[in-house]
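Trainee:
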Amino acid sequence: MNTKQRGDETEATALAELVSRGLSVSIPFGDNDSYDLVVDIDGGLFRLQCKTGWIEESCIRFKTASKTTRDGDVSYVGYDDRIEAFVVVCPDAESLYWVPVEEAGKRSTYLRIEEAEIDHPSINPATEYTLSTKIAELRQG
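If you use the working numbering, the sequence shown closes out at 197, no skipped numbers anywhere.
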């Protein structure tokens, strides 16, 4: 499977899961936007970038910047101010996560699926970012 197919599958999974929860989801026309979906949660609109996560060292990792190469020079562009959150689909863990863009790293983010040996502010427990948890928080205001 190439990266385009994987991305399409991730978007479709996120879309289906959001719709199954009774949420209204819009898809922007074309491929020029920094977001893949727009979801309406109790009247609030959230631009979402869908990402595929993978398990790495007891964490679910996903990339938070797009990588482009021009004339051999590599540059990374983040999503600050262009989305509200990442929706992460991790096929290996059969789970989905909602990570607000302001809580994500500059190039990638790790969500810990096993308890850490140390307590550190940079540790992001996956249980705090499940799709169910974050949608419930947004609905409560």
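The beta-carbon is built from N, C-alpha and C at its ideal position, and this holds for glycine as well. This structure is a prediction, so every number in the text was calculated from the model and none was measured.
Could you check the C-alpha separation between Asp64 and Thr120 for me, to the nearest Å?
Mentor: Within the sequence shown, numbered from 1, the residue matching residue 64 stands at position 8. Within the sequence shown, numbered from 1, the residue matching residue 120 stands at position 64. Asp64 and Thr120: Cα-Cα distance of roughly 17 Å.
Trainee: Where does Ser90 sit, in a helix, a strand or coil, going by DSSP?
Mentor: The sequence position of residue 90 within the sequence shown is 34, counting from 1. Note: Ser90 maps to coil in three-state DSSP.
Trainee: Leaving aside the five residues before and after Glu112 along the sequence, list all residues of the same chain whose C-beta is less than 8 Å from its C-beta, in chain order.
Mentor: Against the sequence shown, residue 112 aligns to sequence position 56. Within the same chain, Glu112 has close Cβ partners Tyr166.
Trainee: What residues match up with Gln105 in a beta bridge as DSSP calls it?
Mentor: Counting from 1 along the sequence shown, the entry for residue 105 is found at position 49. In DSSP, Gln105 forms a bridge with Phe142.
Trainee: From the DSSP output, in three-state form, read off Ile191 for me.
Mentor: In the sequence shown, the residue the question calls residue 191 occupies position 135. Ile191: helix per DSSP, three-state reduction.
Trainee: Across which residues does DSSP place Thr186 in a beta bridge pair?
Mentor: Residue numbering aside, residue 186 sits at position 130 when the sequence shown is read from its first letter. Beta-bridge pairing links Thr186 to Tyr153.
Trainee: Once you ignore the five residues that flank Val94 on each side, which residues in its own chain have a CB closer than 6 Å to its CB?
Mentor: To locate residue 94, count along the sequence shown from 1; it is residue 38. Correct list, in chain order: Ser82, Leu101, Arg103.
Trainee: The alpha helix (DSSP H) with Arg45 in it runs from where to where?
Mentor: A question about residue 45 goes unanswered here, because the residues of the chain that appear run from 57 up to 197.
Trainee: For the beta strand (DSSP E) that contains Gly134, what are its first and last residues?
Mentor: As a position in the sequence shown, residue 134 is number 78, starting the count at 1. Element bounds for Gly134: 129-134.
Trainee: Between which two residues does the beta strand (DSSP E) carrying Leu167 extend?
Mentor: The sequence position of residue 167 within the sequence shown is 111, counting from 1. Counting along the chain, the beta strand (DSSP E) containing Leu167 begins and ends at 164-168.
Trainee: Looking only at its chain, what residues have a beta carbon closer than 7 Å to the beta carbon of Asp148, apart from the 5 residues adjacent to it on each side?
Mentor: Within the sequence shown, residue 148 is the residue found at index 92, counting from 1. Closer than 7 Å at the Cβ level, and outside the excluded window around Asp148, lie Trp110, Ile111.
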